[in-house]
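Residues 1 to 423 in our numbering are what the sequence shown spells out, letter by letter. Even glycine gets a Cβ: it sits at the ideal position worked out from N, Cα and C. Since the structure comes first, as structure tokens, the remarks are kept for the end.
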Amino acid sequence: MNIFFNKKSQEKISKKSLFIDRIITGEYSSLNEILPDLNEDCIYYSLITYILSKNIENLNLFIQANKIETDLVLYLIKENMCIEYTVNYLNNIKIRDYLYFICLKELLIRNIIDINIDKLLDKIDDYDIYKHCIKNNIIPMKRNTINYEYYKIHCNNFDTVDNLLNHVKDYKNIEYITNIIKDKEANNEIIKFIKNGFDKNFCVKFFEKLNYQSEFDIIKLILAHLISTKSSKYLVLALYLAKKFSFTFVNNYDINLIYLFLLKYFLFYDEIVNVFKKMDIKNNQLLNMSYIWSDVYIICTEKGKAVSPDMKDKYIEYIEDLKATIKTSIPVFIESNKISHAINMINLYKTVENNTVFLELNKKEFIKNEEEYQFKDMLSTRCGYLFDKNKEVYSHDEEEYFKNDIYEIEDEEFKKWFREQNK
């Protein structure tokens, strides 16, 4: 008897594995032969199949007869599936939590329901709601929030733009605001840089009073000025500055990130590896940032320069382990009726499997892709090139690196380090 049950159990495990493989690859029509056995233990295998195959008729029948979670309702709304059901579901829901209000917001911006905008904003101050107001000429109540300030400048009301700029620190959003206010004067050095670009005099004045206790914001702005020039002599100066201040601001993510990309520009692989270890980069960060070292690894390998394969080997192993972990998690989410989580895991698996760095390291060559990387606006679009997955690297006369008309680098220790890295 035990042998029979063990055999049947093994068959179901095998069918679950087959189900996951096929649902990842989109072979939905072939799942019909597997589903009856899997549904004996958990009917939600059918549910995820109906959703991903967009079998609306069977999906409607299923959700009318069985319990589903609010996060799946949100997914259905975003995918424009079973909308009538989702509206009824929300009308009858007892627990009106944050997720409930997000669902209402998604229905509102799709013009499916008409609700009191201000009451919804009381619950979730979401900028999508303000965009809906702008699009439909709706005037919301005045609010003391950043999103409301953004709403005002979109309506050409700039009376509090200085207050907004005082709260916004990242260059991407400052540039966004700058493009909206256009010719309006602003006493903001970052806006001046975004509008006018490199200002040599501004940099000279900074280096005349160079102080390693300076605030990070001014260091970041000077780095942006230098990097925006795309000039190697200024980029060496930026590298010098970033290296020095990476010791002053030890745990500052931004300075270490800028330092990493400057190292990437000069192909300083060993130092990149050291900084990665120092920053303890892992998980999602590892996926997003690995092209910093992998680009350099591939370029150095092509040039015949000896570089340690440790990072490459660990990354490939990490990706393989991650894929296995994701696969294991999918049936767990399905069987606990966390269908939207299961779908997220399926999409994540596809992303990981097609990870550009992973494919490039296996092929030992670059793959053409149009992917945009999340750091490109870190110092505004003027500096975007530094954060690209840039494969073209140009050689320069080493002695020219240290000559510039802003600040003479007299630090012999830095020069020695630079030359050693540049071998």
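| query | result |
| --- | --- |
| Own chain, CB closer than 8 angstroms to Ile241, minus 5 neighbours either side, in chain order | Here the sequence assigns Leu to residue 241, which means Ile is not the residue at that position. The residues are Ile219, Ile222, Leu223, Leu226. |
| Through-space distance from Tyr150 to Ile139, alpha-carbon basis | 14 angstroms |
| Integer Cβ distance of Thr248 from Tyr212, believed to fall under 8 angstroms | 5 angstroms |
| Any C-beta of chain C under 8 angstroms from that of Ile222 | Reference to chain C is not applicable here, since this structure consists of a single protein chain. |
| Any 3 or more C-beta pairs closer than 8 angstroms across the segment 38–46 and the segment 325–340 | yes |
| The segment 279–289 contacting the segment 261–271, beta-carbon criterion three pairs below 8 angstroms | no |
| Glu57, DSSP secondary structure in three states | helix |
| Contact check, Leu424 vs Tyr100, beta carbons under 8 angstroms | Summary: the structure shown does not reach residue 424, with the chain confined to residues 1 through 423, and so no result is reported for it. |
| Alpha carbon of Tyr318 to alpha carbon of Ile134, nearest angstrom | 45 angstroms |
| Alpha helix (DSSP H) segments (min. 4 residues) lying fully within the segment 111–140 | 117–123, 127–135 |
| Beta-carbon spacing of Phe158, Lys123 below 8 angstroms | no |
| Contacts around Ala324, its chain only, beta-carbon distance under 8 angstroms, and the 5 residues preceding and following it disregarded | none |
| Outcome for Lys94 when other beta-carbon atoms lying within 10 angstroms are tallied against a minimum of 16 | exposed |
| Endpoints, the alpha helix (DSSP H) within which Arg419 is located | 412–421 |
| Beta-carbon proximity check, Ile146 vs Ile181, cutoff 8 angstroms | no |
| Chain-order list of residues whose beta-carbon lies under 8 angstroms from that of Asn163 (same chain, five-residue window excluded) | Glu149 |
| Delimiting residues of the alpha helix (DSSP H) encompassing Met279 | 269–279 |
| Contacting residues, own chain, Cβ-Cβ under 7 angstroms from Tyr127 (five flanking each side not counted) | Asn147, Tyr150 |
| Segments assigned beta strand (DSSP E), at least 3 residues, entirely inside the segment 140–195 | none |
| Gln285: first and last residue of the uninterrupted alpha helix (DSSP H) it sits in | 283–289 |
| Residue closest to Asp254, alpha-carbon to alpha-carbon, out of Tyr171, Asn166, Ile102 | Tyr171 |
| Backbone CA spacing between Phe202 and His167 [nearest angstrom] | 24 angstroms |
| Check whether Leu59 and Ile51 have beta carbons under 8 angstroms apart | yes |
| Three-state class that DSSP yields for Thr229 in the structure shown | coil |
| Among Lys363, Ser380, Ala65, the one whose alpha carbon lies nearest that of Ile298 | Lys363 |
| Candidates Lys230, Thr356, Ser214, Ile330, of which the one nearest Asn347 by Cα | Ile330 |
| Sub-8 angstroms separation of Tyr75 and Ile326 beta-carbons | no |
| Rounded separation between Leu267 and Gln421 - CA only | 8 angstroms |
| Helix, strand or coil at Ile83 [DSSP, three-state] | helix |
| Span of the alpha helix (DSSP H), counted from its first residue to its last, around Thr70 | 70–78 |
| Val332 (DSSP reduced to helix, strand or coil) | helix |
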